[in-house]
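Residue numbers (the numbering used here), protein chains in the order written: chain A, 9 to 303; chain B, 931 to 1292.
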Amino acid sequence: MDARTRWGRFSRSEAATGLKLISPTALYALIMLAVPLAAIVAYSFLTDGYLEIIWTPTLENYAEAWGDPLYRQVMLRSLMVAGLVTLATVLLAFPVAYYVSFYVRPGRKSLWLFLITIPFWTSYLIRVFLWKVILGFNGVVNSSLMGLGIIDEPLTFILYNVNAVVITLAHAYAPFAILPIFVALEKIDRSLLEASRDLGESTFMTFWRVTLPLAMPGVVAAVLIVFIPTIGDYVTPQLVGGPEGRMIANAIQLQYLRLDNYPLGSALAVSAMLIVTAVSLIFVFLNRRFLRVKQ
Amino acid sequence: MKPIIELRGVNKYYGDYHALRDIEADIGEGEFFSLLGPSGCGKTTLLRTIAGFEDVSSGTVHIGGKLMEGVPANKRPTNMVFQSYAIFPHLSVAQNVGFGLRRRSDLNAPAKQALIEDALDMVGLDGYGGRAAHALSGGQRQRVALARALILKPKVLLLDEPLSALDKKLRDQMQSELRRLQRHVGITFILVTHDQEEALIMSDRIAVMFEGRIAQLATPQQLYRRPQSRQVADFIGVMNFLPARVTGVQGDAVALEVAGLGAVQIAAEQAPGGAATGQASVGFRPETLTILFDGEAPKGRVADGVIDEVTYYGDMTYYAVRLEGVEQPLTISMRNVFGRKVLAQGEATRVAWDPGALVLFG
């Protein structure tokens, strides 16, 4: 078979049609994502020389990114904040998803899902500012509590620190956690729950032995969807985090735009990416384990 | 017969919809009992009421002499085989079968394992314990569902259309296997089915249901030979109906005029739904009518007719015969005998019939 007929056959095949369909997106992703990413990886191995980049390859930046206690602390804080946000979001999202799936009658479910997505109607930035208003020194929470006589002076531990970051991010990402868990719960055949009851298990044990294991793929998806973007979030810690709530994205921004140290900023970015990848892979493997037993 | 389940005046409403109407039944210990009816007749609702998934609007359900009011499904001495089998997809076959054993604190792990193996063995799945549940075929899933229910030694096993998802060959095989299993374990089985043949083959007794009501509760033979109403007669097997007029009822004898067949006297037990003078109809099963071939001497009475249609099945031939003066042709089934010709459409024929085989409907 010569090359021409092989090409002819390929161009008529389904694979070729598929490739043609995705090629604009693929091209866009390549130029806008892969190239900058490659540039960042390249930068991270170069040397910083104040107002210019010195083209000498070095591992100095990584040594600093991983060795400097300041960066290590920021990275650990990012991990902790993302972990807390994920935990809070998934724990709070599960009952909501469960309620919508099991107690809302079928005709009303889409209305509920619609209501759950209402926070997306306003810009992310505005929602973060709103939390500033709610949690601030003279904010809604403090003035209400003072007005009720519960506290004498405004609480200060609720704004410009890690707590504020966790509260704001958990609110922002709630719908992202609710939806995958809801989908997983919806897929559970209700006769399985009846079978468990029929075999002698109480409502709680039925939840524990049947509902929860079958909802795990949704929970794992929710964990990934919340964890990955929150660990690199920049806006929320910048606006409500204060100096002690600073996260890795803020540190990267500092290196790039304030200190003009592209190589160190890049090394921090690549390090953060590697950590997120490692955490995500753990969950992906977990999910595969759960998915394997599902039909 | 000692009843294990007693249903007294059971009614069930869903809003305005009256799903079960005045259900009265005793189901015996060790009996193979079927609830038979078209879809929407309430048979599954009744089964779920016994299982404890639905509560009754009025009336009582007793199982093993105990009132079941307020007793949830997990506390009832019943187990169910679901229509979809409801096999837990995240568990292995052995874990599925042993699901209900968690609460048996009197058994240690090896004892439970032995019970699981016995149960798998009983349904012909020995060695399948380690398999993932989702890798099973339809027939195997059903066996797992059976083993999972029977391992708990319930007083009553409830089966919700368990064979409807299987292909014909497997269904036939499972019918006899279920019957064998029921005799082996001696537990009361209650089977819900819309397949009248399945109900006749498997059951000791059958409750035929229409529109939430039990239309007739009888053995398969009674149901087939003496259906109480046209509706039951029509639902079970094939029944030929002829218009008739009851001319007199005297003690144990009923006198009728049947269209195309003339005057006849029958016993009162041939009118299980009761008889009163006036318009009525009579029914004949296809095999109670006989086509007389050349030179055959008639047994019973004879009517003249013309062959309207012939359907040849190999072992059987179904003839549609039009009697003189009757619009509706009668279906007559004849076993094919070697050497005897099959009649053709349009041929004149004589039909022998036995007044004793006739059923009168008011």
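Glycine included, every Cβ here is placed at the ideal spot set by N, Cα and C.
Legend entry - C-beta contact flag for Leu1082 of chain B and Asn1026 of chain B at 8 Å: Position 152 of the second sequence, counting from 1, holds the residue named residue 1082 of chain B. Position 96 of the second sequence, counting from 1, holds the residue named residue 1026 of chain B. For Leu1082 of chain B and Asn1026 of chain B, no; Cβs fall outside 8 Å.
Legend entry - Rounded Cβ spacing between Phe243 of chain A and Leu133 of chain A (contact assumed at less than 8 Å): The residue you call residue 243 of chain A lines up with position 235 of the first sequence. The residue you call residue 133 of chain A lines up with position 125 of the first sequence. Correcting the residue identity first, residue 243 of chain A is Val in this sequence and not Phe. At roughly 6 Å, the Cβ-Cβ gap stays under 8 Å, so Val243 of chain A and Leu133 of chain A are in contact.
Inset, instruction - Classify Gln1209 of chain B as helix, strand or coil using the three-state DSSP reduction. - result: Start at 1 with the first residue of the second sequence, and residue 1209 of chain B comes out as number 279. Strand at Gln1209 of chain B.
Inset, instruction - For chain A, find out if any of its Cβ atoms is closer than 8 Å to the Cβ of Arg1078 of chain B; answer yes or no. - result: Locating residue 1078 of chain B in the second sequence gives position 148, where the first residue counts as 1. Yes, Arg1078 of chain B lies at the interface with chain A (some Cβ there is under 8 Å from its Cβ).
Inset, instruction - Under 7 Å Cβ to Cβ from Thr974 of chain B, same chain only, skipping five residues before and after it: list those, please. - result: The residue you call residue 974 of chain B lines up with position 44 of the second sequence. Once the five neighbours on either side are set aside, the close Cβ partners of Thr974 of chain B are Asp1090, Val1122.
Inset, instruction - Just tell me which of B:Tyr1249, B:Val1289, B:Gln1258, B:Trp1283 has its CA closest to the CA of Glu1277 of chain B. - result: Reading the second sequence from its first residue, position 347 is the one you call residue 1277 of chain B. The shortest Cα separation from Glu1277 of chain B among B:Tyr1249, B:Val1289, B:Gln1258, B:Trp1283 belongs to B:Tyr1249.
Inset, instruction - From the DSSP output, read off the bridge partner residues of Gly1235 of chain B. - result: Here residue 1235 of chain B refers to the residue found at position 305 of the second sequence. Answer is B:Leu1253, B:Thr1279.
Legend entry - Residues, ordered as in the chain, of the stretch 181–200 of chain A that lie near chain B by beta-carbon distance below 8 Å: Asp197, Ser199, Leu200
Inset, instruction - Would you check if the stretch 181–194 of chain A and the stretch 951–966 of chain B touch, i.e. whether three or more CB-CB distances between them fall below 8 Å? - result: no
Legend entry - Thr1118 of chain B and Glu1254 of chain B closer than 8 Å at C-beta: Here residue 1118 of chain B refers to the residue found at position 188 when the second sequence is read from its first residue. Here residue 1254 of chain B refers to the residue found at position 324 when the second sequence is read from its first residue. No, the pair does not count as a contact, with Cβ atoms beyond the cut-off.
Legend entry - Contact set between the stretch 210–243 of chain A and chain B, restricted to residues whose Cβ is under 9 Å from the partner: Ser210, Thr211, Met213, Thr214, Arg217, Val218, Pro221, Leu222, Met224
Legend entry - Residue environment, Lys996 of chain B, which counts as buried when at least 16 other CB atoms sit within 10 Å: In the second sequence, the residue the question calls residue 996 of chain B occupies position 66. It is exposed - the Cβ of Lys996 of chain B has fewer than 16 other Cβ atoms within 10 Å.
Legend entry - Status (buried if at least 16 other CB within 10 Å, exposed otherwise) for Tyr947 of chain B: Reading the second sequence from its first residue, position 17 is the one you call residue 947 of chain B. Exposed: under 16 other Cβ atoms inside 10 Å.
Legend entry - Local conformation of Ala229 of chain A per DSSP, three classes: For this step, residue 229 of chain A is matched to residue 221 along the first sequence. Reduced to three states, the DSSP call for Ala229 of chain A is helix.
Legend entry - Residue closest to Arg1270 of chain B, alpha-carbon to alpha-carbon, out of B:Asp1284, B:Val1236, B:Leu1222: Here residue 1270 of chain B is taken as the residue at index 340 of the second sequence, counted from 1. Of B:Asp1284, B:Val1236, B:Leu1222, the residue nearest in Cα terms is B:Leu1222.
Inset, instruction - Please check if any C-beta of chain B sits within less than 8 Å of the C-beta of Arg205 of chain A. - result: Your numbering for residue 205 of chain A matches position 197 in the first sequence. Chain B, which has a Cβ nearer than 8 Å to the Cβ of Arg205 of chain A, makes this yes.
Inset, instruction - Spatial neighbours of Ala1189 of chain B within its chain, please: CB distance less than 6 Å, with the 5 preceding and 5 following residues excluded, ordered by chain position. - result: Looking up residue 1189 of chain B in the second sequence gives position 259. If we look at Ala1189 of chain B and ignore the five residues flanking it on each side, its Cβ neighbours are Leu1172, Pro1173, Val1256.
Inset, instruction - Note the first and the last residue of the continuous alpha helix (DSSP H) segment covering Gly22 of chain A. - result: Locating residue 22 of chain A in the first sequence gives position 14, where the first residue counts as 1. Position check: residue 22 of chain A holds Glu in this sequence, whereas Gly was assumed. Per DSSP, Glu22 of chain A belongs to the alpha helix (DSSP H) from 22–37.
Legend entry - Outcome for Leu78 of chain A when other beta-carbon atoms lying within 10 angstroms are tallied against a minimum of 16: Residue mapping note: residue 78 of chain A aligns to position 70 of the first sequence, counting from 1. Answer is exposed; the Cβ neighbour count stays below 16.
Inset, instruction - Using a Cβ cut-off of 8 Å (strictly closer), state whether Leu1082 of chain B contacts chain A. - result: Locating residue 1082 of chain B in the second sequence gives position 152, where the first residue counts as 1. Yes - at least one Cβ of chain A is within 8 Å of the one on Leu1082 of chain B.
Legend entry - C-beta contact flag for Gly1030 of chain B and Arg1071 of chain B at 8 Å: Here residue 1030 of chain B refers to the residue found at position 100 when the second sequence is read from its first residue. Here residue 1071 of chain B refers to the residue found at position 141 when the second sequence is read from its first residue. Cβ distance not < 8 Å, so Gly1030 of chain B and Arg1071 of chain B don't count as in contact.
Inset, instruction - Answer yes or no: does any C-beta atom of chain B fall closer than 8 Å to that of Gly208 of chain A? - result: By 1-based counting over the first sequence, the position of residue 208 of chain A is 200. Answer yes: the Cβ-Cβ gap between Gly208 of chain A and chain B drops below 8 Å somewhere.
Legend entry - Assigned secondary structure, His1124 of chain B (DSSP; H/G/I helix, E/B strand, else coil): The residue labelled residue 1124 of chain B in the question sits at position 194 within the second sequence. Coil, per DSSP.
Inset, instruction - Answer with yes or no whether the minimum CB distance from Phe1119 of chain B to chain A is below 8 Å. - result: Here the question's residue 1119 of chain B lines up with position 189 in the second sequence. Taking Cβ atoms only, chain A never reaches closer than 8 Å to Phe1119 of chain B, which makes this a no.
Inset, instruction - Return the Cβ separation of Lys932 of chain B and Thr979 of chain B in integer angstroms, given the expectation that the two are a contact with Cβ distance under 8 Å. - result: Numbered from 1 along the second sequence, position 2 holds the residue referred to as residue 932 of chain B. Numbered from 1 along the second sequence, position 49 holds the residue referred to as residue 979 of chain B. That belief does not hold up - the Cβ atoms of Lys932 of chain B and Thr979 of chain B are roughly 21 Å apart, past 8 Å.
Inset, instruction - Out of B:Met1052, B:Val1074, B:Val1053, B:Asp1051, state which residue places its alpha-carbon closest to the alpha-carbon of Ala1062 of chain B. - result: Residue numbering aside, residue 1062 of chain B sits at position 132 when the second sequence is read from its first letter. Comparing Cα-Cα distances from Ala1062 of chain B to each of B:Met1052, B:Val1074, B:Val1053, B:Asp1051, the minimum goes to B:Val1074.
Legend entry - Alpha-carbon spacing of Tyr1015 of chain B relative to Thr1247 of chain B, whole angstroms: For the purposes of this step, residue 1015 of chain B is identified with residue 85 of the second sequence, where counting begins at 1. For the purposes of this step, residue 1247 of chain B is identified with residue 317 of the second sequence, where counting begins at 1. Their backbone Cα atoms lie some 39 Å apart in a straight line.
Inset, instruction - Take the Cβ of Glu202 of chain A as the centre, count every other Cβ of all protein chains shown within 10 Å, and call the residue buried at 16 or more, exposed below. - result: For the purposes of this step, residue 202 of chain A is taken as residue 194 along the first sequence, with counting starting at 1. When all chains shown are included, Glu202 of chain A counts as buried.
Legend entry - Runs of alpha helix (DSSP H) wholly within the stretch 1068–1103 of chain B (minimum 4 residues, chain order): 1068–1080
Legend entry - For Val79 of chain A, the three-state DSSP class (helix, strand or coil): Along the first sequence, read from residue 1 onward, the residue named residue 79 of chain A stands at position 71. According to the sequence shown, residue 79 of chain A is Tyr rather than Val. Residue state, collapsed to three classes: helix.
Inset, instruction - Using three-state DSSP, classify Pro103 of chain A as helix, strand or coil. - result: Translated into the one-based positions of the first sequence, residue 103 of chain A becomes position 95. In the structure shown, Pro103 of chain A sits in a helix (DSSP, three-state: H, G or I).
Inset, instruction - Could you list the residues in the stretch 1008–1041 of chain B with a C-beta less than 7 Å from some C-beta on chain A, going in chain order? - result: Asn1009, Met1010, Phe1012, Ser1014, Ala1016, Phe1018, Pro1019, His1020, Phe1029, Gly1030, Arg1033
Legend entry - Helix, strand or coil at Pro1293 of chain B [DSSP, three-state]: The structure shown does not extend to residue 1293 of chain B, since chain B is modelled only from 931 to 1292, so the question has no answer here.
Legend entry - Same chain, Cβ closer than 8 Å to Pro1007 of chain B, five either side skipped, listed in chain order: Taking the second sequence and counting its residues from 1, the one referred to as residue 1007 of chain B is at position 77. Excluding residues within five positions, the ones whose Cβ falls inside 8 Å are Ile993, Gly994, Pro1084, Lys1085, Val1086.
Inset, instruction - Look at the Cβ atom of Thr130 of chain A, then the Cβ atom of Val234 of chain A, and state whether they are nearer than 8 Å. - result: Taking the first sequence and counting its residues from 1, one reaches residue 130 of chain A at position 122. Taking the first sequence and counting its residues from 1, one reaches residue 234 of chain A at position 226. Not a contact, by the Cβ cut-off of 8 Å.
Inset, instruction - Assign Gln303 of chain A to buried or exposed, taking buried as 16 or more other Cβ atoms, counted over all protein chains shown, within 10 Å of its Cβ. - result: Translated into positions along the first sequence, residue 303 of chain A becomes position 295. Residue confidence is low: Gln303 of chain A scores 38 on pLDDT, short of 50, so the model does not pin down where it sits. No coordinate-derived value is stated.
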